[in-house]
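Trainee:
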Amino acid sequence: MKKQLLWLFAALFSSLQPAHPVAPAGSLVPARVERWVRSGLQLLQWTQLDRCLQMSSMSEADCRHLVPLPLSSVAVYVTELRAAAGPLDKVVAILPDFSNIVLDSKLQRGFNFEKNRGQAPHRHQQPLQDFTVHDAVLVLDLNPGQNFGHPVILFYVDMNVTKKRCSHLDGIHLGEECLTLALRGRCQNQMKHRHLSPGRLFGTNRFAGRMLRGEIGGRLLDRAMKGFCEDHFLPLVVTVGDSSHTQRLGCFDHAEFARCPETVSMSFPSLPISSCELNKNTRRCHQQPLATHLSCRLYQTCDHAVLISGGWQPQMTFQYHALNLQKFYKMLRNNGFPKDHIKTFFANRGHLPADIEGVYSATEKAVIRSHVSYICRKQHCADTLVLYLNSPTCSDGTMLLWDTNLNGIADMKERYMVNELLADLAGCRATRVLLFVDQSYTIVLSKRLRSSLKHLNVVLIQTPSQQTEPQRWGQSWQDSWSLIGPTTCLLDHLEKVAGMSHLLKPWAGILNVTMAGAPCNATPPLTDGEIRREYQGCQNLPTALWYQKYRNPK
Numbered sequence: 002m003k004k005q006l007l008w009l010f011a012a013l014f015s016s017l018q019p020a021h022p023v024a025p026a027g028s029l030v031p032a033r034v035e036r037w038v039r040s041g042l043q044l045l046q047w048t049q050l051d052r053c054l055q056m057s058s059m060s061e062a063d064c065r066h067l068v069p070l071p072l073s074s075v076a077v078y079v080t081e082l083r084a085a086a087g088p089l090d091k092v093v094a095i096l097p098d099f100s101n102i103v104l105d106s107k108l109q110r111g112f113n114f115e116k117n118r119g120q121a122p123h124r125h126q127q128p129l130q131d132f133t134v135h136d137a138v139l140v141l142d143l144n145p146g147q148n149f150g151h152p153v154i155l156f157y158v159d160m161n162v163t164k165k166r167c168s169h170l171d172g173i174h175l176g177e178e179c180l181t182l183a184l185r186g187r188c189q190n191q192m193k194h195r196h197l198s199p200g201r202l203f204g205t206n207r208f209a210g211r212m213l214r215g216e217i218g219g220r221l222l223d224r225a226m227k228g229f230c231e232d233h234f235l236p237l238v239v240t241v242g243d244s245s246h247t248q249r250l251g252c253f254d255h256a257e258f259a260r261c262p263e264t265v266s267m268s269f270p271s272l273p274i275s276s277c278e279l280n281k282n283t284r285r286c287h288q289q290p291l292a293t294h295l296s297c298r299l300y301q302t303c304d305h306a307v308l309i310s311g312g313w314q315p316q317m318t319f320q321y322h323a324l325n326l327q328k329f330y331k332m333l334r335n336n337g338f339p340k341d342h343i344k345t346f347f348a349n350r351g352h353l354p355a356d357i358e359g360v361y362s363a364t365e366k367a368v369i370r371s372h373v374s375y376i377c378r379k380q381h382c383a384d385t386l387v388l389y390l391n392s393p394t395c396s397d398g399t400m401l402l403w404d405t406n407l408n409g410i411a412d413m414k415e416r417y418m419v420n421e422l423l424a425d426l427a428g429c430r431a432t433r434v435l436l437f438v439d440q441s442y443t444i445v446l447s448k449r450l451r452s453s454l455k456h457l458n459v460v461l462i463q464t465p466s467q468q469t470e471p472q473r474w475g476q477s478w479q480d481s482w483s484l485i486g487p488t489t490c491l492l493d494h495l496e497k498v499a500g501m502s503h504l505l506k507p508w509a510g511i512l513n514v515t516m517a518g519a520p521c522n523a524t525p526p527l528t529d530g531e532i533r534r535e536y537q538g539c540q541n542l543p544t545a546l547w548y549q550k551y552r553n554p555k
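In terms of this note's numbering, the sequence shown opens at residue 2 and continues consecutively.
#1: Considering Cα atoms alone, identify which of Trp313, Phe319, Asp171 and Ser371 is closest to Leu353.
#2: On the DSSP letters alone, give me the boundaries of the alpha helix (DSSP H) that Ala323 sits inside.
#3: When you compare each of Pro525, Val93 and Arg451 to Gly242 by their alpha carbons, which one comes out closest?
#4: Quick one: what does DSSP say Ala292 is sitting in, helix, strand or coil?
#5: I'd like the list of long-range same chain contacts for Leu371, defined as Cβ closer than 7 Å, with 5 residues on each side in sequence excluded.
#6: Give the DSSP bridge partners of Lys344, in chain order.
#7: Out of Gln314, Asn420, Leu422 and Leu401, which has the shortest C-alpha to C-alpha gap to Asp412?
#8: Less than 8 Å between the CB atoms is what I'm expecting for Phe346 and Ile309, so what's the real figure, rounded?
#9: I'd like the ranges of any alpha helix (DSSP H) spanning at least 4 consecutive residues and lying wholly in the stretch 391 to 440.
#10: If you count every other CB in all the chains shown that lies within 10 Å of the CB of Val419, and 16 or more means buried, which is it?
#11: Quick check: what's the CA-CA separation for Ala137 versus Thr399?
#12: Please classify Lys455 as buried or exposed, where buried requires at least 16 neighbouring CB atoms within 10 angstroms.
#13: Assign Gln537 to one of two classes, buried (16 or more other C-beta atoms within 10 Å of its C-beta) or exposed (fewer than that).
#14: Select from Arg65, Met516 and His494 the residue whose C-alpha is nearest the C-alpha of Pro487.
#15: By DSSP, does Leu129 sit in helix, in strand, or in coil?
#16: According to the Cβ coordinates, are Leu407 and His246 closer than 8 Å?
#17: I'd like to know whether the C-beta atoms of Thr385 and Leu435 end up nearer to each other than 8 Å.
#18: Can you give me the start and stop residues for the alpha helix (DSSP H) that Tyr375 sits inside?
#19: My understanding is that Ser40 touches Leu175, with C-beta atoms under 8 Å, so please give their C-beta distance in whole angstroms.
#20: Kindly confirm or deny that the stretch 362 to 377 and the stretch 315 to 333 touch, where touching means at least three C-beta pairs closer than 8 Å.
#21: Would you tell me roughly how many angstroms separate the C-alpha atoms of Asn541 and Gln380, rounded to the nearest one?
#22: Taking just the CA atoms, how far does Arg451 sit from Thr556?
#23: Please report the residue range of the beta strand (DSSP E) in which Cys521 lies.
#24: Taking Tyr430 as the reference, give the member of Cys179, Asp304 and Glu263 with the closest Cα.
#25: Taking buried to mean at least 16 other C-beta atoms within 10 Å of its own C-beta, is Asn349 buried or exposed?
#26: DSSP has Thr181 in a bridge; who is on the other side?
#27: By DSSP, does Asp384 sit in helix, in strand, or in coil?
#28: Please classify Ser447: is it buried, with 16 or more other beta-carbons within 10 angstroms of its beta-carbon, or exposed?
#29: Is DSSP giving Leu82 helix, strand or coil here?
#30: Mapping DSSP to helix, strand and coil, what is Leu237?
#31: Please classify Cys167: does DSSP put it in a helix, a strand, or coil?
#32: According to DSSP, is Thr302 helix, strand or coil?
#33: Less than 8 Å between C-beta atoms, sequence neighbours within five positions excluded: which residues of the same chain meet that for Ala367?
#34: Tell me the DSSP secondary structure of His352 in three-state form.
#35: Using the three-state DSSP reduction, which class does Gly510 fall into: helix, strand or coil?
#36: By DSSP's criteria, Trp37 is part of a beta bridge. Which residues make up the other side?
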């Protein structure tokens, strides 16, 4: 039987390149993980081919050319298997937006988790006993290294499961292993599908025949043809009963898979700013709590910036996030932004270049909101207010900050929603508010800003693809921001990017200035010295102008 199964899967995956074994990682044998990955990829190819045939007029042959999923383009995350796995060696996968998930009822009946560790669930969360437990979790990231959120494919692996039992669970049976696609309930992206036989997709080989007879995950594939209900983040995978919530999921380094992304070293625990210096004797931990009330001075207007890069958890916080922060920070300083007026909220204050000053933890959502809204409320406090947003993002535009309590679920204190951001910026008294968005799913924010009468001076600066898709490799676009200089006209510079002209059209008047607010086409042109003296940094205001608000109340 085992030889038959191997022969069948060899026929199925003949289009994929053979693997070359490398040294095992922990208790995982590369050949075993590769078998899981190949099975999962074939399921994805089935789904993508069906989508192509449904949503385009392309022929089947053309669609087949569009849906190859080579192993080398996939980053693989997997948990280790224990040699003699018992009930307490089972693992649970927890997603940040679990409150919106209803686990497949059939899986709940198949592998139920009775224990809740004696903890009461959050009112926005489902009880912990609703989670299902498994022997291993496999995650395929088809866009490795890109900003989260973007779709990742989550599978459960269970050992010593009979073929009949695996079929009942809509799984793919691999010897004594059962690979099950983790589906979300109440999904909004289910697609109506036309009938498409497995024979058309896979040809008339023996494997296709077994598909038609429902012997290998037939119902699962039928469900997959309707469209995946996608997960957008790496889950927190913990062992049953582990009160410390230690992450068991790790990136699997293998010569055939995509290289694991380089993550940022997290040097400090997730502690409030006020507690940090009691635990770590370092320069950053000696930093005092943010004194927002000192940000605005009488008779003076300044340029301000707030940089937010949440990260959510170490595996989703990459080295290039820190590098992009550094580049953006240097660009602001080059444009005269005072270092005391640039506040950076990064992860749990992991390792950042030493030249970035004013770094705070992204765990402090209340501090972030208070600082932004304070600068906006104060008359003449800010001339240019810049916000740089680079956090893992849900499909509704919600930004994930940092998993402070390490439970894997984003509660209200750990997520910054679009409604909250808009409330903080509503009626902002800065001359202009520039939102540089380097994250996924900005369509909700974009629509709300365009239809709002309370945000007429707020400009959204993004890449065209970020509106409806996960963030694609946009390093050249991000690099273009770092090239903004003291004399650069924002409108001219940003319109050079293909597809940006129509996005920026509503704000053309606001953007016809430099970063510091100097006019673009002054006659005669302003000198560097004039821009530096009259526009950059902080400018003293005449007393009459400062008190103008009392003579002309709004």
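Beta carbons are placed, not taken as given, at the ideal position from N, Cα and C, and that holds for glycine.
Mentor: Based on what the coordinates show:
#1: Along the sequence shown, read from residue 1 onward, the residue named residue 353 stands at position 352. Nearest option by C-alpha distance: Phe319.
#2: On the sequence shown, residue 323 is found 322 positions in, with the first residue counted as 1. Per DSSP, Ala323 belongs to the alpha helix (DSSP H) from Gln320 to Asn335.
#3: Your numbering for residue 242 matches position 241 in the sequence shown. Nearest C-alpha to Gly242: Val93.
#4: One-based indexing of the sequence shown puts residue 292 at position 291. Ala292: coil per DSSP, three-state reduction.
#5: As a working note, residue 371 is residue 370 in the sequence shown. With the sequence shown as reference, residue 371 is identified as Ser, and Leu is not the correct amino acid for it. Correct list, in chain order: Thr293.
#6: For the purposes of this step, residue 344 is taken as residue 343 along the sequence shown, with counting starting at 1. Bridge partners of Lys344: Val307.
#7: Stepping through the sequence shown from its first residue, residue 412 is reached at position 411. The option with the nearest alpha carbon to Asp412 is Leu401.
#8: Taking the sequence shown and counting its residues from 1, one reaches residue 346 at position 345. Taking the sequence shown and counting its residues from 1, one reaches residue 309 at position 308. So it is a contact: roughly 5 Å between Cβ atoms.
#9: 419 to 426
#10: As a first step, residue 419 must be located in the sequence shown, where it is residue number 418. It is buried - the Cβ of Val419 has at least 16 other Cβ atoms within 10 Å.
#11: Counting from 1 along the sequence shown, the entry for residue 137 is found at position 136. Counting from 1 along the sequence shown, the entry for residue 399 is found at position 398. Each residue's Cα considered, the two are about 29 Å apart.
#12: Translated into the one-based positions of the sequence shown, residue 455 becomes position 454. Classification of Lys455: exposed, given that the 10 Å Cβ count is below 16.
#13: For the purposes of this step, residue 537 is taken as the residue at position 536 of the sequence shown. It counts as buried.
#14: What you label residue 487 is simply residue 486 of the sequence shown in a count that begins at 1. Ranking Arg65, Met516 and His494 by Cα distance to Pro487 puts Met516 first.
#15: Here residue 129 is taken as the residue at index 128 of the sequence shown, counted from 1. Confidence at Leu129 is low in this model, with a pLDDT of 36, below 50, so the placement of that residue should be treated as unreliable; the coordinate-derived value is given next. The answer is helix: DSSP assigns Leu129 an H, G or I state.
#16: Working through the sequence shown from its first residue, we reach residue 407 at position 406. Working through the sequence shown from its first residue, we reach residue 246 at position 245. Yes, these two residues count as a Cβ contact at 8 Å.
#17: Along the sequence shown, one-based indexing puts residue 385 at 384. Along the sequence shown, one-based indexing puts residue 435 at 434. Yes, the pair counts as a contact, with Cβ atoms nearer than the cut-off.
#18: As a first step, residue 375 is located in the sequence shown; it is residue number 374 there, counting from the start. From DSSP, the alpha helix (DSSP H) with Tyr375 extends over Lys366 to Arg378.
#19: As a first step, residue 40 must be located in the sequence shown, where it is residue number 39. As a first step, residue 175 must be located in the sequence shown, where it is residue number 174. At roughly 6 Å, the Cβ-Cβ gap stays under 8 Å, so Ser40 and Leu175 are in contact.
#20: no
#21: Locating residue 541 in the sequence shown gives position 540, counting from the first residue. Locating residue 380 in the sequence shown gives position 379, counting from the first residue. Cα to Cα, Asn541 sits roughly 14 Å from Gln380.
#22: Nothing can be reported for residue 556: it is not among the residues displayed for the chain, which extend from 2 to 555.
#23: Your numbering for residue 521 matches position 520 in the sequence shown. Where Cys521 is concerned, there is no enclosing beta strand (DSSP E), given that its DSSP letter is neither H nor E.
#24: On the sequence shown, residue 430 is found 429 positions in, with the first residue counted as 1. The residue asked about is misnamed: residue 430 is Arg in this sequence, not Tyr. It is Asp304 whose Cα lies nearest to the Cα of Arg430.
#25: For the purposes of this step, residue 349 is taken as residue 348 along the sequence shown, with counting starting at 1. Label assigned to Asn349: buried.
#26: Mapped onto the sequence shown, residue 181 falls at position 180. Tyr157, per the DSSP bridge assignment.
#27: Here residue 384 refers to the residue found at position 383 of the sequence shown. Asp384: strand per DSSP, three-state reduction.
#28: Locating residue 447 in the sequence shown gives position 446, where the first residue counts as 1. Its Cβ being crowded by 16 or more others within 10 Å, Ser447 is buried.
#29: For this step, residue 82 is matched to residue 81 along the sequence shown. Note: Leu82 maps to coil in three-state DSSP.
#30: Your numbering for residue 237 matches position 236 in the sequence shown. The answer is strand: DSSP assigns Leu237 an E or B state.
#31: In the sequence shown, residue 167 corresponds to position 166, counting from 1. Looking at Cys167 - three-state DSSP - the assignment turns out to be helix.
#32: In the sequence shown, the residue the question calls residue 302 occupies position 301. Residue state, collapsed to three classes: strand.
#33: Within the sequence shown, residue 367 is the residue found at index 366, counting from 1. So the qualifying residues of the chain are Lys414.
#34: Within the sequence shown, residue 352 is the residue found at index 351, counting from 1. Correct three-state label for His352: coil.
#35: Your numbering for residue 510 matches position 509 in the sequence shown. Reduced to three states, the DSSP call for Gly510 is helix.
#36: For the purposes of this step, residue 37 is taken as the residue at position 36 of the sequence shown. None; Trp37 has no bridge partner.
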